[in-house]
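See below for the structure under consideration.
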Amino acid sequence: MKHRILIADDHQMFIDGLLSILKEDSRFEISATFKNGAQVLKYLDINGAQDLHLLITDLTMPEIDGIELNQQVKENYPTLKTLVVSMHIDGTKIEKLIKGNVDGYVPKNAEKDELLLAIETIVKGEKYFSSEIKKAYTDAMFENRRQEEIHLTEREKEVLKLIAEEYTTQEIADQLFLSKHTIESYRKNLIAKLQVKNLAGLTKQALKLGLLTND
Numbered sequence: 018m019k020h021r022i023l024i025a026d027d028h029q030m031f032i033d034g035l036l037s038i039l040k041e042d043s044r045f046e047i048s049a050t051f052k053n054g055a056q057v058l059k060y061l062d063i064n065g066a067q068d069l070h071l072l073i074t075d076l077t078m079p080e081i082d083g084i085e086l087n088q089q090v091k092e093n094y095p096t097l098k099t100l101v102v103s104m105h106i107d108g109t110k111i112e113k114l115i116k117g118n119v120d121g122y123v124p125k126n127a128e129k130d131e132l133l134l135a136i137e138t139i140v141k142g143e144k145y146f147s148s149e150i151k152k153a154y155t156d157a158m159f160e161n162r163r164q165e166e167i168h169l170t171e172r173e174k175e176v177l178k179l180i181a182e183e184y185t186t187q188e189i190a191d192q193l194f195l196s197k198h199t200i201e202s203y204r205k206n207l208i209a210k211l212q213v214k215n216l217a218g219l220t221k222q223a224l225k226l227g228l229l230t231n232d
């Protein structure tokens, strides 16, 4: 049985490369190619997905990107498998795709053999994620957990904000009606909590973790 495949990517060169790879393999048949997710959804709306097996999609595309496309396909055409092939290796995006029940993800620089292995694995009903994608995902999960573990008191947030605004220890003490010694203690605690070495690192890490945004 031939496995019928859809391809969505806004780079024609990638589509052409994928076509040349898959045309060499008699198990696969390309049903259609598209420039973005909106075209895919329009096609599926007209033709349905009952005779289709796999959608290979890029992540960043105009109109509807790979994340939203995967979500809509899984909601409306659950029998259609999805494989993301992208040069973007972003742990947060990978997490969204995994939560959206994507069937696989490989980077665009993957070898031909790995791409074919991913397709074979997915059409058999299993998941496939390249080692590079798995690492990016686990790293992102670790970072998320670390962020969740950082709990600052309201006073610590006040001190952190003033440090970021380059107030001196004495100026912060005057502003908050506290002693200089107390502010120095807060500063040491913040450096320890955010696991940095100095005030510059403190501000940088606080920005990265979104701790300086106004609630």
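Residues 18 to 232 (this note's numbering) are what the sequence shown spells out, left to right.
Idealized CB from N, CA, C, for every residue including glycine.
Alpha carbon to alpha carbon, what distance is there between residue j and residue i?
i      : j      : result
Thr170 : Leu229 : 13 Å
Gln56  : Ile139 : 23 Å
Lys225 : Thr109 : 14 Å
Ile38  : Lys221 : 45 Å
Val123 : Val102 : 5 Å
Leu76  : Ile200 : 46 Å
Met104 : Gly121 : 14 Å
Asn126 : Thr186 : 50 Å
Leu23  : Ala157 : 30 Å
Asn215 : Ala181 : 12 Å
Arg44  : Glu80  : 32 Å
Ile106 : Ser196 : 47 Å
Asp191 : Ala223 : 23 Å
Met78  : His28  : 9 Å
Ala217 : Ser202 : 17 Å
Glu183 : Phe31  : 48 Å
Asp232 : Lys129 : Below a pLDDT of 50, predicted positions are generally treated as unreliable, and Asp232, at 48, falls in that range; the measurement from the model is reported next regardless. The alpha-carbon atoms of Asp232 and Lys129 are separated by roughly 48 Å.
Kindly identify the DSSP beta-bridge partner or partners of residue i.
i      : result
Thr74  : Ala25 and Val101
Ala209 : DSSP output for Ala209 lists no bridge partner at all.
Ala49  : Leu23
Phe146 : Tyr122
Have a look at the options and flag the residue whose alpha-carbon is nearest the alpha-carbon of residue i.
i      : options                           : result
Lys210 : Glu173, Tyr184 and Phe194         : Glu173
Asp26  : Lys214, Ile73, Leu58 and Gly121   : Ile73
Gly54  : Val176, Ala157, Glu201 and Gln89  : Gln89
Ala153 : Ala135, Pro95, Glu112 and Ile189  : Glu112
Gln67  : Asp107, His20, Phe146 and Met78   : His20
Lys178 : Leu132, Ser196 and Gly227         : Gly227
His142 : Leu100, Leu36, Ile47 and Leu195   : The residue you asked about is not His; residue 142 is Gly in the sequence shown. The shortest Cα separation from Gly142 among Leu100, Leu36, Ile47 and Leu195 belongs to Leu100.
Thr50  : Ser43, Asp33 and Asp42            : Asp33
Glu131 : Asn118, Val119 and Phe146         : Phe146
Met18  : Ile167, Glu46 and Asn118          : Glu46
Thr96  : Leu61, Glu128 and Lys116          : Leu61
Val213 : Leu133, Ile189, His198 and Ile167 : Ile167
Asp82  : Leu58, Leu71 and Lys98            : Leu58
Could you have a look at residue i and say whether DSSP puts it in helix, strand or coil?
i      : result
Ile239 : Coverage of the chain is limited to positions 18 through 232, which leaves residue 239 absent and any answer about it impossible.
Gly117 : coil
Tyr154 : helix
Phe31  : helix
Tyr60  : helix
Ser202 : helix
Asp232 : Unreliable positioning characterises Asp232 in this predicted model, as indicated by a pLDDT of 48, which lies under 50. A coordinate reading is not provided.
Asp191 : helix
Arg172 : helix
Lys178 : helix
Leu224 : helix
Lys129 : helix
Considering only their Cβ atoms, is the gap separating residue j from residue i smaller than 8 Å?
i      : j      : result
Leu207 : Val176 : yes
Leu114 : Ile136 : no
Leu69  : Ser48  : yes
Gly117 : Lys91  : yes
Asn93  : Val119 : no
Leu275 : Lys98  : Residue 275 lies beyond the stretch modelled for the chain, which goes from 18 to 232, so this question has no answer here.
Does the distance between the C-beta of residue i and the nearest non-hydrogen atom of the ligand FAD fall short of 7 Å?
i      : result
Tyr154 : Of ligands this structure carries none, so the ligand FAD is not represented either.
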